[in-house]
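Chains as they are written, first to last, in the working numbering: chain H, 34 to 236; chain Y, 34 to 236; chain S, 34 to 236; chain V, 34 to 236.
Working notes, beginning with the structure itself.
4 protein chains.
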Amino acid sequence: MAPDEGGGRKAPRGRPRSEAAERAILDAVVALLEDGVPLGEVSIERIARTAGVGKATIYRRWCDKEALFVDLLRDIEPPEPVLPGTSAREDLVVMLESLRDRGVAQRTSALLYHVFAQMKSYPKLWAAYHATVIEPRRLIVREVLRRGVADGEIRDDLDLELVNDLFIGPMLLRSVMRPDAPLDDDLAQRIVSAVLDGVRPGS
Amino acid sequence: MAPDEGGGRKAPRGRPRSEAAERAILDAVVALLEDGVPLGEVSIERIARTAGVGKATIYRRWCDKEALFVDLLRDIEPPEPVLPGTSAREDLVVMLESLRDRGVAQRTSALLYHVFAQMKSYPKLWAAYHATVIEPRRLIVREVLRRGVADGEIRDDLDLELVNDLFIGPMLLRSVMRPDAPLDDDLAQRIVSAVLDGVRPGS
Amino acid sequence: MAPDEGGGRKAPRGRPRSEAAERAILDAVVALLEDGVPLGEVSIERIARTAGVGKATIYRRWCDKEALFVDLLRDIEPPEPVLPGTSAREDLVVMLESLRDRGVAQRTSALLYHVFAQMKSYPKLWAAYHATVIEPRRLIVREVLRRGVADGEIRDDLDLELVNDLFIGPMLLRSVMRPDAPLDDDLAQRIVSAVLDGVRPGS
Amino acid sequence: MAPDEGGGRKAPRGRPRSEAAERAILDAVVALLEDGVPLGEVSIERIARTAGVGKATIYRRWCDKEALFVDLLRDIEPPEPVLPGTSAREDLVVMLESLRDRGVAQRTSALLYHVFAQMKSYPKLWAAYHATVIEPRRLIVREVLRRGVADGEIRDDLDLELVNDLFIGPMLLRSVMRPDAPLDDDLAQRIVSAVLDGVRPGS
DNA sequence: ACTTAACCGAGACGGTACGTCATGTCTTCCA
DNA sequence: TGGAAGACATGACGTACCGTCTCGGTTAAGT
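Below you can see the structure in the form of structure tokens.
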């Protein structure tokens, strides 16, 4: 049986790629962004210069600046939160807290801010991020909601995709699109409560 | 007699700027974007070539590519919606419809899509858009909510900024950040109802 | 033609050209060159700026930068020397002194130096200078030589054009093409003597 | 063992410069000038376009347009003449013939004409030309004259620098500064004879 | 130990765009 | 109507980066 990576893969002749170079490249990008270099000025040429690496060494690994950033994001993205599972409310609060954390991080780190700001300009990067980060989390929330409906915590006459957006949307709006808005500690709590209870009096 | 435009405005010496050139420039940008030219390839040089205009004529008017896009956005942005004023619910639906319309437009028009996608990468553009478009609309919603509270349509124990986000967030999430999600005709209605009523059973 | 030169001519409708503007332009060029501005940087634009004059006002008077310099040179060129007429030798010395003077002036004045250095690059300027300055002086020397032959001061078996060059050439070489060579007070004397007497021993 | 090229010469890292590009650039300049393009229109941009070469490839080799022309001149300048050494008179005739040849060439070739015309406007070019071409030839003539004095062909009571100018000046005047004057075959002979013998009757 | 082949850094290559400046023409207001 | 002010299309300037391509020199795996 093929030991690891499958079938008739050719034996890789020649000198193997240096992990050191790869790390140097990624580190250089991070360093540049943390030094506040505008992302538009993070050119391949400059990365190579900073990393002390030939340009070809970068192009050998990533065809695009986008592709490089995809890998970079994967390094940066915090792990998915662990849900307590005690109730839909608690689980939703934890998920929203995780979103809030990222929002806080984005305001702190020039790196995160710029990468996220740019992401929609790079379709492949955006698609990759959507597939590997956003969609899995939506799936988790969807499951939380489904259990919430089953447990009688959530109405069963609503489109769960819509409900998903009702919880996630406000937090994203706050954390990503309104960089001046406060991100208080109890924000997740308040959003979940308000969406659950409604904003109509006596509801 | 007021000389022309009021105050102590200086008499503009020399040949006045040609409106034709200005229009040609803006039209060229629109044309390029509508032809699907990636926004990163919309260089000043290319705009000038397309518009049949000297580069200096562009730089004379806008110091940045950003600044140009600010003006472009102003041309494109649809007018603020007219609120019926019959009830907070109706007003909110109209505001959200207007957001939905822009979402639909962004999916149709490559121009809008790319400009919005890029906007956060250009801080000045983003700030200008925030100040001239987003904040005024938030202000309108804030006023609608205030009246809603006064009329007893909305609870008076909630932070209205939060409520604002509860209504706007889901629609923005759908229309801007989830380009694959459907934007049904009744979406605004459903969001407003759900946020008003809450998603807890019996609420 | 200059409107102020036409005797009892009525002011022919319209504003006459201002002498002040013309003088301001020429003065500006002189000032720039004397300030050591490299002649390549003496653009029409800059002249206009320095003179406080519109570009069109310059182009209205001179079609070229060359044409402007032609007029400028005429202002600068010293008057033709007055020959004593006592002998060919004396007359030649005076002519050569005059050449030497200009050579000294060229080393002193950046203006003169640069204008002469550039002149051959501007065919019309060069032709004008040749016709109005060089050729008249050659003519004078030709006449001096002719009288010298008649008076027996100069051999009659030589081409006078060649003799002309024998006297003028060495002084021009010294003063114009060898800017480091000394221009001693007695240089004209020594050249005239040596050319007259020859450099062969016993000649 | 000597490694290759002698001293501690550094090993040249990176891709070596292409001789083909260099030749293409110089050829392009020559071609442009020979096509009668005014030297002022021989822009770096145009050279690059004509040579099918990137602008950077030119700037990598020459910092200036001047520096480029210095190299160009070195290619063009004919070799120093071989002196027969039979007598000072013969040697001087050969040197002057060589000057005359260049004069003829300058009238034939637009390239040479313009380059020489412009040279004094480019101080570095002029200095380089002076040092590498003019001064060496003056040195040769100086040596010829010294031997002439020793051999009794030339008076020993004259400043040899002056004598140098007496021979060279007339030919330069004819060939460089009087482009309309004839450059007959026997011109060198006649100048040398006249300067040796003097123009005074019975000298 | 010796090939072989892909790696490495460095940097040159033909391009394209940058933002500035000068050209010569034009337009508009002021005197 | 002349003049200043300055906008206009054009095009060169010198720099930076693009992505590709040599170079000379490693660095393993497979003979």
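Don't be surprised by glycine CBs; every beta carbon is placed ideally from N, CA and C.
| Query | Result |
| --- | --- |
| Rounded to the nearest angstrom, what separates LEU193 of chain Y and GLU176 of chain Y at their Cα positions? | 10 angstroms |
| Whether or not the region 125–136 of chain Y and the region 213–230 of chain Y are in contact is what I'm after, with contact meaning three or more pairs of Cβ atoms, one per stretch, closer than 8 angstroms; do they touch? | yes |
| Based on Cα-Cα distance, which residue from V:ASP198, V:VAL70, V:PRO45 and V:ARG179 lies nearest to PRO147 of chain V? | Per the sequence shown, the amino acid found at residue 147 of chain V is His instead of Pro. Of V:ASP198, V:VAL70, V:PRO45 and V:ARG179, the residue nearest in Cα terms is V:VAL70. |
| Pull up the distance between the alpha-carbon of LYS157 of chain H and that of PHE102 of chain H, whole angstroms please. | 10 angstroms |
| Please report the distance separating the alpha-carbon of PRO234 of chain S from that of GLU186 of chain V. | 7 angstroms |
| Using a C-beta cutoff of 8 angstroms, does MET210 of chain H count as contacting chain Y? | yes |
| Considering only the alpha carbon of each residue, which of Y:ALA143, Y:ALA121, Y:PRO111 and Y:ALA61 lies closest to SER131 of chain Y? | Y:PRO111 |
| Return the CA-CA distance between ALA138 of chain S and ASP68 of chain S, expressed in angstroms with no decimal places. | 16 angstroms |
| Which of the three DSSP states, helix, strand or coil, is assigned to LYS153 of chain V? | coil |
| To the nearest angstrom, how far is the alpha carbon of SER208 of chain V from that of ARG93 of chain S? | 37 angstroms |
| Would you say LEU205 of chain S lies against chain V (beta-carbon separation less than 8 angstroms)? | yes |
| Should LYS153 of chain S be labelled buried (16 or more other beta-carbon atoms within 10 Å of its own) or exposed? | buried |
| By DSSP, does ALA214 of chain Y sit in helix, in strand, or in coil? | coil |
| Just reading off the alpha helix (DSSP H) that ARG122 of chain H is part of, what are its end residues? | 121–141 |
| Helix or strand or just coil, what does DSSP make of SER226 of chain H? | helix |
| Using CA coordinates, which residue listed in H:ARG48, H:ASP198 and H:LEU229 is at the minimum distance from ARG170 of chain H? | H:ASP198 |
| Flag PRO45 of chain V as yes if its beta-carbon sits less than 8 angstroms from any beta-carbon of chain S, otherwise no. | no |
| Going by DSSP in three states, SER208 of chain Y sits in which element: helix, strand or coil? | helix |
| Determine, using beta carbons only, whether LEU116 of chain S and PHE200 of chain S come nearer to each other than 8 angstroms. | no |
| Within the region 62–97 of chain S, note down every full beta strand (DSSP E) run reaching 3 residues or more, in order along the chain. | none |
| Beta carbon of LEU245 of chain H, beta carbon of ALA150 of chain H: below 8 angstroms? | It is not possible to answer for residue 245 of chain H, since the shown part of chain H is limited to 34 through 236. |
| Following the continuous alpha helix (DSSP H) through GLY181 of chain Y, name the residue where it begins and the one where it ends. | 168–183 |
| In angstroms, rounded to a whole number, what distance separates the CA positions of ALA81 of chain S and ASP108 of chain S? | 20 angstroms |
| Less than 6 angstroms between C-beta atoms, sequence neighbours within five positions excluded: which residues of the same chain meet that for PRO215 of chain S? | none |
| Spatial neighbours of VAL18 of chain V within its chain, please: CB distance less than 6 angstroms, with the 5 preceding and 5 following residues excluded, ordered by chain position. | Nothing can be reported for residue 18 of chain V: it is not among the residues displayed for chain V, which extend from 34 to 236. |
| At the 8 angstroms Cβ level, is VAL232 of chain V part of the contact set with chain S, yes or no? | yes |
| Within 8 angstroms (strictly less), CB to CB, does GLU186 of chain Y reach chain H? | yes |
| Only counting the same chain, and skipping five residues up and downstream in sequence, which positions put a Cβ closer than 8 angstroms to that of GLY118 of chain V? | ASP124 |
| Can you find the residues in the same chain that come closer than 7 angstroms, C-beta to C-beta, to ARG180 of chain V, ignoring five residues on each side of it along the sequence? | ALA121 |
| Taking C-alpha atoms, which residue in H:LEU59, H:LEU106 and H:GLY87 lies nearest to ARG46 of chain V? | H:GLY87 |
| Please confirm whether LEU178 of chain Y and VAL166 of chain Y have their CB atoms less than 8 angstroms apart. | no |
| Consult DSSP for GLY39 of chain V and reduce its assignment to one of helix, strand or coil. | Note that GLY39 of chain V has pLDDT 45, beneath the 50 cutoff, so the model's placement of it is unreliable and the number below is only indicative. Three-state DSSP puts GLY39 of chain V in coil, outside helix and strand. |
| Along chain Y, in chain order, which residues have C-beta atoms closer than 8 angstroms to that of GLY73 of chain H? | SER154 |
| Answer yes or no: do ALA54 of chain S and THR90 of chain S have a C-beta to C-beta separation smaller than 8 angstroms? | yes |
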